[in-house]
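S.K.:
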Amino acid sequence: MDWTVIDSPEAITSIKNDTSGNLFLIFKHSTRCSISSMAKSRLERNWLSEIPISQIFYLDLIQHRSISNQIAEEFSVVHESPQIIVVKNGEAVYTASHNSISPQTILNELVLK
């Protein structure tokens with residue numbers, strides 16, 4: 001699983017403005033939270049190649065709280081942590097938080113539904 005680190009507001013603007021039809025996953029992680037660490041580990045250990053995500057982004061929301069707020073605003077989602085947001089054509093198409101974050105659930109929501 002290859003993480004692309006988000007460390008600037010421009011990265012969010014780029015995801016928001018993408019109209020290619022590709023799916024992007026943003027993982028908002030709190031380095032101070034054990035549930036967030038477990039969710040990140042679960043994603044890394046159990047990632048499924050069938051999940052049609054073009055790029056996986058990682059945000060350390062402790063270091064970049066303002067970017068986390070930008071994500072909530074740009075994609076009209078309530079801030080949670082840990083949280084995944086799947087974006088397509090500039091819109092959030094799926095979100096999950098806490099123990100609901102799992103590769104199988106992502107696959108079910110994006111492909112098998």
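Numbering of the sequence shown is given in full-length UniProt numbering, commencing with residue 1 and proceeding in unit increments. The beta carbon of each residue, even a glycine, is placed where N, CA and C say it ideally should be.
If contacts are defined as beta-carbon pairs under 8 Å, then residue 54 and residue 27 qualify, I think. What distance do you get, rounded to the angstrom?
M.R.: Counting from one through the sequence shown, the residue named residue 54 turns up at place 54. Counting from one through the sequence shown, the residue named residue 27 turns up at place 27. Not a contact, Cβ separation roughly 14 Å.
S.K.: Just to confirm the assignment, what range does the alpha helix (DSSP H) spanning residue 107 have?
M.R.: Counted from its first residue, the sequence shown places residue 107 at position 107. Its alpha helix (DSSP H) spans residues 103–107.
S.K.: Measure the beta-carbon distance from residue 103 to residue 59 and round it to whole angstroms, keeping in mind my assumption that it falls under 8 Å.
M.R.: Here the question's residue 103 lines up with position 103 in the sequence shown. Here the question's residue 59 lines up with position 59 in the sequence shown. Not confirmed; about 19 Å, so no contact.
S.K.: Should residue 14 be labelled buried (16 or more other beta-carbon atoms within 10 Å of its own) or exposed?
M.R.: Within the sequence shown, residue 14 is the residue found at index 14, counting from 1. When all chains shown are included, residue 14 counts as exposed.
S.K.: Pull up the DSSP beta-bridge partners for residue 117, would you.
M.R.: Outside the shown range of the chain, which is 1 to 113, sits residue 117, and nothing can be said about it.
S.K.: Is residue 13 helix, strand or coil by DSSP?
M.R.: Within the sequence shown, numbered from 1, the residue matching residue 13 stands at position 13. Of the three classes helix, strand and coil, the one that applies to residue 13 here is helix, per DSSP.
S.K.: Beta carbon of residue 22, beta carbon of residue 90: below 8 Å?
M.R.: By one-based count along the sequence shown, residue 22 stands at place 22. By one-based count along the sequence shown, residue 90 stands at place 90. The answer is no: Cβ separation not under 8 Å.
S.K.: Name the residue from 30, 94, 81 whose alpha carbon lies nearest to the alpha carbon of residue 110.
M.R.: In the sequence shown, counting from the first residue as 1, residue 110 sits at position 110. Looking at the Cα atoms, 94 is the closest of the given residues.
S.K.: On the premise that residue 112 lies in contact with residue 51, defined as a C-beta separation below 8 Å, what is that separation, rounded to the nearest angstrom?
M.R.: Position 51 of the sequence shown, counting from 1, holds the residue named residue 51. Position 112 of the sequence shown, counting from 1, holds the residue named residue 112. With 8 Å as the limit, residue 51 and residue 112 do not qualify as a contact, their Cβ atoms being about 11 Å apart.
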